[in-house]
Amino acid sequence: MSVSLPPPPQRLRIDVSLAIINIVLLLIFFFLVSGQMTASNQPATMDLPETTDLPLDQLPRPILIVTPDGDWTLDGQPVAPDLLGVAVAALQRPVTLHVLIDRAAPADTLVTVLRNPALRDIAVRLVTLRHRGGRA
Numbered sequence: 017m018s019v020s021l022p023p024p025p026q027r028l029r030i031d032v033s034l035a036i037i038n039i040v041l042l043l044i045f046f047f048l049v050s051g052q053m054t055a056s057n058q059p060a061t062m063d064l065p066e067t068t069d070l071p072l073d074q075l076p077r078p079i080l081i082v083t084p085d086g087d088w089t090l091d092g093q094p095v096a097p098d099l100l101g102v103a104v105a106a107l108q109r110p111v112t113l114h115v116l117i118d119r120a121a122p123a124d125t126l127v128t129v130l131r132n133p134a135l136r137d138i139a140v141r142l143v144t145l146r147h148r149g150g151r152a
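So in my numbering, spot 65 of the sequence shown is number 81, and the numbers just go up one at a time.
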């Protein structure tokens, strides 16, 4: 005689998909509302710092300054872009050349300076200046 046992009772499975959807919707609403609050608190314009007086004696050496007019000076002496290699070769080794360029200069001007073949084997650092209450 064979006895058949009843099948095991099915375990209740909790469906969490509805809870996940609710959490996602609440997060979306939260980020929409908080994004609108922070966007309205930002200033309409931003004043960038300006250098009014350039104290060359306080800047690191050697420094290559590229003016808005396109003139290049190396440690206060004018230098042509084509002759930069000769001027850099006269510097003591190892050389870390500091480059200062106007903040309003187009990006391609900086790229042109950095692509100069004279700077290929030299460490280059960009120098920035801050405006501090009327003094640079």
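Heads up, the beta-carbon is just placed ideally off N, CA and C, and yes, glycines get one too.
- Secondary structure at ALA134: helix, using DSSP grouped into helix, strand and coil.
- The three-state secondary structure of PRO94, taken from DSSP, is strand.
- The three-state secondary structure of ILE81, taken from DSSP, is strand.
- Within a 10 Å sphere around the beta-carbon of ILE117 sit 16 or more other beta-carbons, which makes this residue buried.
- Two segments are said to touch when three or more pairs of C-beta atoms, one from each, lie closer than 8 Å; by this definition the region 40 to 51 does not touch the region 73 to 93.
- For VAL140, the enclosing beta strand (DSSP E) stretches over residues 139 to 142.
- Judged by DSSP secondary structure, VAL111 falls outside any alpha helix (DSSP H); it is assigned neither H nor E.
- VAL115 carries a strand assignment under DSSP once its states are collapsed to helix, strand and coil.
- No residue range can be given for VAL19, since it is assigned to no alpha helix (DSSP H) and is classified by DSSP as neither H nor E.
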